[in-house]
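Asks: Sharing a structure with you now.
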Amino acid sequence: MEVIFGELRQLVGVAPLTGAQIACFIAYLITLILLAFAEANRLFSARDHSVEKDEERETLNKKPQEAAGEKNANAAPEAARSFWAEVASCGIFKCLQLDMNTLSENRRYILAAAEFGTLMAWFFVADRTALLPEGSKNYTRDTFFFIYGLLVIYSFSTFRREWKTPLMLNRHQTEEWKGWMQVLFLLYHYFEARELYNLIRVLIAAYVWMTGFGNFLYYYKTRDFSIGRFAEMMWRLNFLVVFCCFVMNNSYMLYYICPMHTLFTWFVYAALAVFPHFNDSRLYLFGKIVACVAVVAVVWEFKPVFYTVWAPFRWLVRYTDPRRPGDDEMHEWFFRSGLDRYIWVHGMLCGFLHPYMDSAMNKLDSMGVLMRYLVRAAVLAACGLVLMAWYSHIYVLPKLEYNAIHPYTSWIPITVWMIARNILPRMRVVSLGIFGWLGCITLETYIGQFHTWLSTSIPDGQPVNLLVFLPEYSLLNFMLVTAVYVYVSHRFFQLTNTLKQAAIPGRDTFKVGVNCFVIAVTGVLLWTAGLMISTAA
Numbered sequence: 337m338e339v340i341f342g343e344l345r346q347l348v349g350v351a352p353l354t355g356a357q358i359a360c361f362i363a364y365l366i367t368l369i370l371l372a373f374a375e376a377n378r379l380f381s382a383r384d385h386s387v388e389k390d391e392e393r394e395t396l397n398k399k400p401q402e403a404a405g406e407k408n409a410n411a412a413p414e415a416a417r418s419f420w421a422e423v424a425s426c427g428i429f430k431c432l433q434l435d436m437n438t439l440s441e442n443r444r445y446i447l448a449a450a451e452f453g454t455l456m457a458w459f460f461v462a463d464r465t466a467l468l469p470e471g472s473k474n475y476t477r478d479t480f481f482f483i484y485g486l487l488v489i490y491s492f493s494t495f496r497r498e499w500k501t502p503l504m505l506n507r508h509q510t511e512e513w514k515g516w517m518q519v520l521f522l523l524y525h526y527f528e529a530r531e532l533y534n535l536i537r538v539l540i541a542a543y544v545w546m547t548g549f550g551n552f553l554y555y556y557k558t559r560d561f562s563i564g565r566f567a568e569m570m571w572r573l574n575f576l577v578v579f580c581c582f583v584m585n586n587s588y589m590l591y592y593i594c595p596m597h598t599l600f601t602w603f604v605y606a607a608l609a610v611f612p613h614f615n616d617s618r619l620y621l622f623g624k625i626v627a628c629v630a631v632v633a634v635v636w637e638f639k640p641v642f643y644t645v646w647a648p649f650r651w652l653v654r655y656t657d658p659r660r661p662g663d664d665e666m667h668e669w670f671f672r673s674g675l676d677r678y679i680w681v682h683g684m685l686c687g688f689l690h691p692y693m694d695s696a697m698n699k700l701d702s703m704g705v706l707m708r709y710l711v712r713a714a715v716l717a718a719c720g721l722v723l724m725a726w727y728s729h730i731y732v733l734p735k736l737e738y739n740a741i742h743p744y745t746s747w748i749p750i751t752v753w754m755i756a757r758n759i760l761p762r763m764r765v766v767s768l769g770i771f772g773w774l775g776c777i778t779l780e781t782y783i784g785q786f787h788t789w790l791s792t793s794i795p796d797g798q799p800v801n802l803l804v805f806l807p808e809y810s811l812l813n814f815m816l817v818t819a820v821y822v823y824v825s826h827r828f829f830q831l832t833n834t835l836k837q838a839a840i841p842g843r844d845t846f847k848v849g850v851n852c853f854v855i856a857v858t859g860v861l862l863w864t865a866g867l868m869i870s871t872a873a
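Plus 336 on top of the position in the sequence shown (first one is 1) and you've got my numbering.
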């Protein structure tokens, strides 16, 4: 048997599997078995309708006192919730016991888990086997901007009104912003458009800016610092990437956007959740923002301090490119997180000033016609001059020189765009639908590009090649591979949200804790089994 598996691995070009990969495979097989039982139960175990009617009549004929007594009896155990009782009644364990009612109730989640596993298997086949060929990247400016220009032209056909009243930096507008940036970011990777490096750095900074802006507004307005809400955010940011790390045998830092956004989300949460009563004072709140700047300056401006602070987490954020094995394993995290170390604080500051900025825009809209046009023209002229100065003195710098000053200057083009995009009231109530849709799946398209659009080929490898379906037709191949890639990314987005509903039941902190414990125990058991199998093989 071992010889057969060895020959099969050699045929498809698969390296020996790790314990984590085998654990994921076992989990996938179990999910498929549970799905088969759930489907069989759904198709072949029809209930007797007459019994249902008898039970319904019996319930209706019960005396009110009896019904109330049963209700109170059922409520009593609920009031005295036991941790271990909750664990024992957890859906995972009951499904593993083939409890048909539980399988039926959780069929939607089992189906989602099975599809998630199938798509992860596709990632593995596309990027870790020799079944599909690879192609090399080839950049031509004409092709790059032709493709992007076509999408921009099409996007105007998806123009739609989202809000009745103008609101600066509303949700649909920021999703649109993420969408058109993401397309540029992805095309930059696909074609290896190195001449756009500095632009891509600005776009990534804008993503991090939105982390500070969006999280600040949410926590400041809602005061919802519940564990459940925070767990939902962590699930959204890390669920897919964790499985990619396990299945593809990659480091967390290969997908550096995920740890960056996770870190800065933690920072914003901590800034507002610590002494939350101070958030009622604008002065104290501004002081918290200044404190964030001070913390970042101390940690990131002094490399020895950074390495000391992150030493306990080296196992999580270390990364070495296997094609350059001599590199410092902490350099990637220091470099990536350092490039955008301040811009998330600028996002918080914009969230802090958002009511004033929105009020200023509304006052501008209410001015007389002539004055309104004069002020808008003056604002746009000032923005244009600032942008020209930034471009001519900063943007055109060589890569290394630009990187050195990027952390201190990336706020300039972001602020200019923010003002220009919102200068007209009509522009604040409309958005481009296709970019808004793409903006919702930026995390999935970022992660998915490594394994089903581009190709890394080896664990922790950078995506230096392209996935190829049609070797002799580069543009047709681009069209086909992109269609598969976007579909898979969108499905991952939907499946992540579906499974989140099963794992994180709203704001019930107790239940969230129980589920986290069950998931951790299940993961340890699967990993132990996988490690034993991989060691024996």
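From the three backbone atoms N, C-alpha and C, an ideal C-beta is built for every residue, glycine too.
Nothing here was measured: the structure is a model prediction, and the numbers come from that model.
1. Where does VAL653 sit, in a helix, a strand or coil, going by DSSP?
2. Tell me whether ARG827 sits in a helix, a strand or coil according to DSSP, three-state version.
3. Could you check how far apart the C-beta atoms of PHE575 and THR832 are, in whole angstroms? I think they sit under 8 Å.
4. Between the segment 716-735 and the segment 516-527, are three or more C-beta pairs nearer than 8 Å?
5. Decide if ALA359 is buried, meaning its Cβ has at least 16 other Cβ atoms within 10 Å, or exposed.
6. Report the three-state DSSP secondary structure of PHE638 (helix, strand or coil).
7. Measure the beta-carbon distance from TYR524 to LEU532 and round it to whole angstroms, keeping in mind my assumption that it falls under 8 Å.
8. Going by Cα to Cα distance, which pick from ILE750, ASN758 and GLU451 is closest to LEU503?
9. Mark VAL741 as exposed unless 16 or more other C-beta atoms lie within 10 angstroms of its C-beta, in which case mark it buried.
10. Taking Cβ to Cβ, would you say GLY683 is nearer than 8 Å to THR778?
11. Just checking my contact of VAL854 with CYS431 at CB under 8 Å: how many whole Å lie between their CB atoms?
12. DSSP beta-bridge partners for PHE495?
13. Figure out for me which residue from ALA856, VAL817 and GLY784 has the closest Cα to the Cα of PHE452.
14. Return the Cβ separation of GLY769 and ARG496 in integer angstroms, given the expectation that the two are a contact with Cβ distance under 8 Å.
15. Look at the alpha carbon of THR479 and the alpha carbon of VAL848, and state the distance between them as a whole number of angstroms.
16. For the pair the segment 696-712 and the segment 615-634, tell me if three or more CB-CB distances fall below 8 Å.
17. Looking at GLY471: is its Cβ nearer than 8 Å to the Cβ of LEU802?
18. With distances taken from CA atoms, which of ALA529, TYR738 and MET570 is nearest VAL800?
19. Helix, strand or coil for GLN357, going by three-state DSSP, please let me know.
20. Should THR476 go down as buried or exposed, given a rule of 16 or more other Cβ atoms within 10 Å for buried?
21. Given 8 Å as the limit, is there contact between the segment 787-794 and the segment 818-832, that is, 3 or more CB pairs closer than that?
22. Below 8 Å on the Cβ atoms is my contact criterion, and I expect TYR592 with ARG650 to pass it. Report the Cβ-Cβ distance as a whole number of Å.
23. Once DSSP output is grouped into helix, strand and coil, what is the label at ASN698?
24. Going by alpha carbons, who is nearest to ALA717 out of LEU621, ALA756 and TRP669?
25. Taking just the CA atoms, how far does PHE429 sit from VAL857?
26. Judging by CA-CA distance, which residue of PRO795, SER562 and PHE460 is the nearest neighbour of ARG659?
27. Would a C-beta distance cut-off of 8 Å place LEU455 and PHE828 closer than the cut-off?
28. Compare the Cα-Cα distances from ASN585 to each of PHE361, MET436 and ARG764 and report the closest residue.
29. How about LEU835 and ALA541: are their beta carbons less than 8 Å apart?
30. So, are the CB atoms of PHE600 and PHE642 less than 8 Å apart?
Replies: Taking the definition as stated:
1. On the sequence shown, residue 653 is found 317 positions in, with the first residue counted as 1. Helix, per DSSP.
2. Looking up residue 827 in the sequence shown gives position 491. ARG827: helix per DSSP, three-state reduction.
3. Taking the first residue of the sequence shown as 1, we reach residue 575 at position 239. Taking the first residue of the sequence shown as 1, we reach residue 832 at position 496. Rounded to whole angstroms, the Cβ separation of PHE575 and THR832 is 5 Å, and the two are in contact under 8 Å.
4. Between the segment 716-735 and the segment 516-527 there are fewer than three inter-stretch CB-CB distances shorter than 8 Å, so the stretches are not counted as touching.
5. What you label residue 359 is simply residue 23 of the sequence shown in a count that begins at 1. Buried is the call here.
6. Looking up residue 638 in the sequence shown gives position 302. The answer is coil: DSSP assigns PHE638 none of H, G, I, E or B.
7. Translated into positions along the sequence shown, residue 524 becomes position 188. Translated into positions along the sequence shown, residue 532 becomes position 196. Contact annotation, TYR524 with LEU532: C-beta distance approximately 5 Å; criterion of less than 8 Å satisfied.
8. Locating residue 503 in the sequence shown gives position 167, counting from the first residue. Of the candidates ILE750, ASN758 and GLU451, the one whose C-alpha sits nearest the C-alpha of LEU503 is ASN758.
9. As a first step, residue 741 must be located in the sequence shown, where it is residue number 405. A small correction: the amino acid at residue 741 is Ile; Val does not occupy that position in the sequence shown. It counts as exposed.
10. To locate residue 683, count along the sequence shown from 1; it is residue 347. To locate residue 778, count along the sequence shown from 1; it is residue 442. Not a contact, by the Cβ cut-off of 8 Å.
11. Counting from 1 along the sequence shown, the entry for residue 854 is found at position 518. Counting from 1 along the sequence shown, the entry for residue 431 is found at position 95. Wrong, their Cβ atoms sit about 12 Å apart, outside the cutoff.
12. Sequence index remark: in the sequence shown, residue 495 carries index 159 (1-based). Beta-bridge partners of PHE495 (DSSP): LEU768.
13. Within the sequence shown, numbered from 1, the residue matching residue 452 stands at position 116. The candidate whose alpha carbon is nearest that of PHE452 is GLY784.
14. Start at 1 with the first residue of the sequence shown, and residue 769 comes out as number 433. Start at 1 with the first residue of the sequence shown, and residue 496 comes out as number 160. Confirmed, Cβ separation roughly 5 Å.
15. Position 143 of the sequence shown holds residue 479. Position 512 of the sequence shown holds residue 848. Rounded to whole angstroms, THR479 to VAL848 spans 49 Å at the Cα level.
16. No: fewer than three Cβ pairs fall under 8 Å.
17. Taking the first residue of the sequence shown as 1, we reach residue 471 at position 135. Taking the first residue of the sequence shown as 1, we reach residue 802 at position 466. Yes; because the gap between Cβ atoms is below 8 Å, this pair is in contact.
18. As a first step, residue 800 must be located in the sequence shown, where it is residue number 464. Looking at ALA529, TYR738 and MET570, the one whose alpha-carbon comes closest to that of VAL800 is ALA529.
19. As a position in the sequence shown, residue 357 is number 21, starting the count at 1. For GLN357, the secondary structure class from DSSP, reduced to helix, strand or coil, is helix.
20. In the sequence shown, the residue the question calls residue 476 occupies position 140. So THR476 ends up on the exposed side.
21. Cβ pair count under 8 Å is three or more, so yes.
22. Taking the sequence shown and counting its residues from 1, the one referred to as residue 592 is at position 256. Taking the sequence shown and counting its residues from 1, the one referred to as residue 650 is at position 314. At roughly 15 Å, the Cβ-Cβ gap does not stay under 8 Å, so TYR592 and ARG650 are not in contact.
23. Walking along the sequence shown from the start, residue 698 turns up at place 362. When secondary structure is reduced to three states using DSSP, ASN698 falls in the helix class.
24. Counting from 1 along the sequence shown, the entry for residue 717 is found at position 381. The candidate whose alpha carbon is nearest that of ALA717 is ALA756.
25. Walking along the sequence shown from the start, residue 857 turns up at place 521. Walking along the sequence shown from the start, residue 429 turns up at place 93. Pairing VAL857 with PHE429, the inter-Cα distance amounts to about 11 Å.
26. Translated into the one-based positions of the sequence shown, residue 659 becomes position 323. Comparing Cα-Cα distances from ARG659 to each of PRO795, SER562 and PHE460, the minimum goes to PRO795.
27. One-based indexing of the sequence shown puts residue 455 at position 119. One-based indexing of the sequence shown puts residue 828 at position 492. Yes; because the gap between Cβ atoms is below 8 Å, this pair is in contact.
28. Numbered from its first residue, the sequence shown carries residue 585 at position 249. The shortest Cα separation from ASN585 among PHE361, MET436 and ARG764 belongs to PHE361.
29. Along the sequence shown, read from residue 1 onward, the residue named residue 835 stands at position 499. Along the sequence shown, read from residue 1 onward, the residue named residue 541 stands at position 205. For the pair LEU835 and ALA541, the CB atoms are not nearer than the 8 Å cut-off.
30. The residue you call residue 600 lines up with position 264 of the sequence shown. The residue you call residue 642 lines up with position 306 of the sequence shown. Result no, Cβ atoms of PHE600 and PHE642 do not sit closer than 8 Å.
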